[in-house]
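Single-structure report; data block below.
There are 2 protein chains.
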Amino acid sequence: MVPTVGLKVPLVDDGDGTALLTDQYELTMLQAALRSGTAGRRSVFEVFARSLPAGRRYGVVAGVGRLLDAIEAFRFEAAELEFLAANGIVDEPTLRWLEKYRFTGNVWGYAEGDCYFPESPILVVEGTFGEAVLLETLALSVLNHDCAIASAASRMVQAAQGRPIIEMGSRRTHERAAVAAARAAYVAGFSTTSNLEAGRLYGVPTAGTSAHSFSLLHDSERHAFEAQLASLGDGTTLLVDTYDVERAVRTAVELAGPPLGAVRIDSGDLGVMARRVRAQLDSLGAHDTRIVVTGDLDEFGIAALAAAPVDGYGVGTALVTGSGAPTASLIYKLVARADSPDEDAPMRPVAKRSPGKPSRGGRKTAIRRIDGHGTAFSETISTGEAMPGQRDRLLHVPLVRNGDIVGREPLGSARERHARSVAELPTTAIQLSKGEPAVPTEFVQGGPRP
Amino acid sequence: MVPTVGLKVPLVDDGDGTALLTDQYELTMLQAALRSGTAGRRSVFEVFARSLPAGRRYGVVAGVGRLLDAIEAFRFEAAELEFLAANGIVDEPTLRWLEKYRFTGNVWGYAEGDCYFPESPILVVEGTFGEAVLLETLALSVLNHDCAIASAASRMVQAAQGRPIIEMGSRRTHERAAVAAARAAYVAGFSTTSNLEAGRLYGVPTAGTSAHSFSLLHDSERHAFEAQLASLGDGTTLLVDTYDVERAVRTAVELAGPPLGAVRIDSGDLGVMARRVRAQLDSLGAHDTRIVVTGDLDEFGIAALAAAPVDGYGVGTALVTGSGAPTASLIYKLVARADSPDEDAPMRPVAKRSPGKPSRGGRKTAIRRIDGHGTAFSETISTGEAMPGQRDRLLHVPLVRNGDIVGREPLGSARERHARSVAELPTTAIQLSKGEPAVPTEFVQGGPRP
């Protein structure tokens, strides 16, 4: 799309612009700062959570790759500028500034898939105040959503103890959030998703066979099974709880024989049903036919089925709603800024003093300290130079350098990193019960950064 | 975008296609039904919730306008077809069917903004099985999200008793869900949103002035206030809790005088602070300066401030997360289908018998029965012809007729309808305490529809 400010162009939703996924106050602050001469002051904003959702042991960083795409698409083009002008949201000088806007600063962050803890500075944005303040809402939206989903997903993956989980919650959340949720769940260790757009956009493996409506469409369950087997092959998963599970399993094995891939149970007491169906399948010689259970599962429901003969789980609502914590409560705070717009003006730590919501001034570095057994024992945050020991991990990686995206990576890398990051935590991390963060956050006063 | 199946085109995200915002099993069911000859059977699917979120008195229908846009954009074009082909998700005959896909059926639904109750058939989709099953995930995603948000928003609006509420939760939810949330909140009676894209796409009035970072950017709070007043005028809202509220209010009135538009308090005990600030403003002669409070408010927090001198509320997290109920638990169920693909084959009611999840077969009509005082007393659902009394309201309106969208309306109409719909409910509806639905759902057996 070519910017054509001054010309009237139709206001179409081009669908990929991200510049207005923003709270109005960022633009009014920009306008006021441009006028007061402070918009050019070098500034550092940090993203962190004051606490984890009640009782959670760790959080999971997700959405980093999506955020980088969104920053790249953050441009004020004709549609955006015309809206702002027509509604008098900002003045002429600000419109001219926005027209040329392109983020030229630097971003560091925790790598996608890594774990985080209270106060972990998971994103650091450095630029002029004007260019950095504009990214506040977008950065928080992406990270608050994706981290919430990945944090819940990771607990489910731990509860499943190696059994695969399919993500199938698209219908229970906003249609685009569903795509991001599928991606975040995959980072956290889910095997597949039902969401096709997540397959197309992000390469997440997709899965899915049939619903109850398919059985109801046909003149009998037998007809429905025959139709599905004829089209999708014996390796498919047949849904067996539309009418009577025992009869359905008998019909399924009669039609497909032992090569039948799997049966799915979506209702009733899943543990009891799984045992009965396993015994029935075995008695029919279908020893290799797997049992997949779905139906309002969350991490606790999955854990309760650990001893049941279940070969895979499907999780929907609990995943896309963050299993009780639908947002990660991450905030975006100005922690340092220059005294003048000069490029080499010294940086000054800043912090608000609002009751109950204090912030810590100064740009932070973060280290995960690792003991001789390879286990994390401290999230060490410092306003000075990071001083990692030999085994410790420096947590920030470069994501954007002078406006260029440098932090892209394949999604599989984030998924592998997450598995390593959880494995490195103390064993308390994978307890589902409520408790303290698995690793304590410790603040170290440091000298000024060089 | 021109479909160019057969040619290799780059897989770009054109951003407005909706056909892959779908669970894979809809496509595999389509494939199997095409093969078994059942895909062309006329079918009726209904969207309803088995229950409201625990203790809620009513739900609010929202997202209808968004769903109509999404249905119109539901086409399998080059990018979608190539993904499906490359990943072997469906076979060649299905790809050819999808390429020509366009929904040609009918959709009726509760009008946007109307209230709903357990089992209310808020959407009825009629078409061939193939064309109607494909809309399952998309319809549920849009409605589950938007209804959840609007249902929470409506309670907040009732609690605010006429005081305006600004929606400011964008940062706490997925970046595109945020836009839909702002729209749903407006339908439910919120005054404004901070989300600029909701302003551009849907015409929701936008608002916003400044954050704490603006005060921290400047050398003093006084400088920050001067900058904001110079740029945005005396009618702006100054944020007064960055350092010390009393000093900030004094400075604010000193600089702007009594014409100061408003002050915003974002932390502390909002009721106590509002009383102190009101007294201080009055003592300084700023009788018309309004007080806006924000900071983790939900419907209960708003209600608790009813007696405080507050002129407006800002609500973020609680709004975009549905205040404890982030999804509306709506489901999409096949309730009737023909015995053959013949256009005039008789329709047969169908229902599954899964334990705990039974469904009622047959296409439904719905009436809100209204007594002589204009108060609703029954949600009457029938599988026969609707027989409304003189005061009763027939709840279904036509949304799509033979594939053509006929149900579009200005967003303001939905907002006005919602206000009327809530006003018509018994007064128990606006109690925030947990309880039964404000209007009981009653099933009436009816004869066959003509």
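As you go down the protein sequences, you meet chains X and V in turn. Plus 1 on top of the position in the first sequence (first one is 1) and you've got my numbering. Plus 1 on top of the position in the second sequence (first one is 1) and you've got my numbering. Positions of the beta carbon are idealized from the N, C-alpha and C atoms, including for glycine.
List, in chain order, every chain X residue whose beta-carbon is nearer than 8 Å to that of Y244 of chain V.
K353, R354
Whole-number beta carbon distance between L217 of chain X and R338 of chain V, since they are thought to touch under 8 Å:
7 Å
Could you check whether E47 of chain V and K365 of chain V sit closer than 8 Å to each other, using their CB atoms as the reference points?
yes
Which class does G131 of chain X belong to by DSSP, given the choice of helix, strand or coil?
helix
When the cut-off is 8 Å and only beta carbons count, does N196 of chain V lie next to chain X?
yes
Within the 8 Å Cβ cut-off, does F1 of chain X reach chain V?
Any property of residue 1 of chain X remains undetermined from this structure, which presents chain X solely from 2 to 451.
Name, please, each residue of chain X whose Cβ falls closer than 8 Å to the Cβ of T84 of chain V.
Residue 84 of chain V is actually Phe in this sequence, not Thr. Correct list: L197, G200, R201.
Looking at A40 of chain X: is its Cβ nearer than 8 Å to the Cβ of L31 of chain X?
yes
What residue range is occupied by the uninterrupted alpha helix (DSSP H) comprising T381 of chain V?
Unbroken run through T381 of chain V is the beta strand (DSSP E), 377–383; no alpha helix (DSSP H).
Roughly how many angstroms lie between the CA atoms of S422 of chain V and L433 of chain V, to the nearest whole one?
17 Å
Can you tell me which of the three DSSP states I123 of chain V falls into?
coil
Close Cβ partners of T328 of chain X (< 6 Å) along its chain, the five nearest in sequence each way excluded:
N145, A149
With a threshold of 8 Å between beta-carbons, can M157 of chain V be considered close to chain X, or not?
no
Under the three-state DSSP convention, the category M169 of chain V falls into:
coil
Length at least 3, wholly inside the region 366–429 of chain V: the beta strand (DSSP E) runs in chain order
366–371, 377–383, 397–402
Where G234 of chain V sits in the DSSP three-state scheme
coil
Could you tell me how far apart the beta carbons of G64 of chain X and A181 of chain X are, in whole angstroms, since I believe they sit closer than 8 Å?
7 Å
Using 8 Å as the limit for Cβ to Cβ distance, is S152 of chain X near chain V?
no
Neighbour list for L233 of chain X in chain V, Cβ cutoff strictly below 9 Å:
T29, Q32, A33
Report yes if the C-beta of L400 of chain V is less than 7 Å from at least one heavy atom of the ligand ADP; otherwise report no.
Questions concerning the ligand ADP fall outside what the structure shown contains, since it holds no ligand whatsoever.
Classification of V273 of chain X by the beta-carbon crowding that lies within 10 angstroms, buried from 16 upward:
exposed
Which bits of chain V does V134 of chain X rub up against, with CB to CB less than 7 Å?
S214
Are the CB atoms of I431 of chain X and V316 of chain X nearer to each other than 8 Å?
no
Length at least 4, wholly inside the region 196–270 of chain X: the alpha helix (DSSP H) runs in chain order:
197–203, 213–218, 222–233, 246–257
So, G452 of chain V versus E113 of chain V, is the Cβ gap smaller than 8 Å?
Residue 452 of chain V is absent from the structure shown; chain V starts at 2 and stops at 451.
Residue-level contact to chain V via CB, R177 of chain X, 8 Å cutoff:
yes
Which chain X residues sit within Cβ distance under 9 Å of V143 of chain V?
H175, E176
From the DSSP secondary-structure annotation, give me the bridge partner or partners of F46 of chain X.
X:V126, X:L335
Which residues of chain V have a Cβ atom closer than 8 Å to the Cβ of H219 of chain X, listed in chain order?
S37, T39
Using DSSP with H/G/I as helix, E/B as strand and the rest coil, what is T23 of chain X?
coil
Do G323 of chain V and R58 of chain V come within 8 Å of each other at the CB atom, strictly closer than that value?
no
What are the residues in the region 68–92 of chain X lying within 8 Å of chain V by C-beta distance?
A71, A80, E81, F84, L85, N88, I90, D92
With a threshold of 8 Å between beta carbons, is M348 of chain X in contact with chain V?
no
When the Cα of P347 of chain V is compared with those of V:A20, V:T23, V:R43, V:Q25, which residue comes out closest?
V:R43
Contact list for the region 300–333 of chain V against chain X, Cβ threshold 7 Å:
T318, T322, P327, T328
Contacts that A208 of chain X makes with chain V (C-beta to C-beta distance below 7 Å)
Q25
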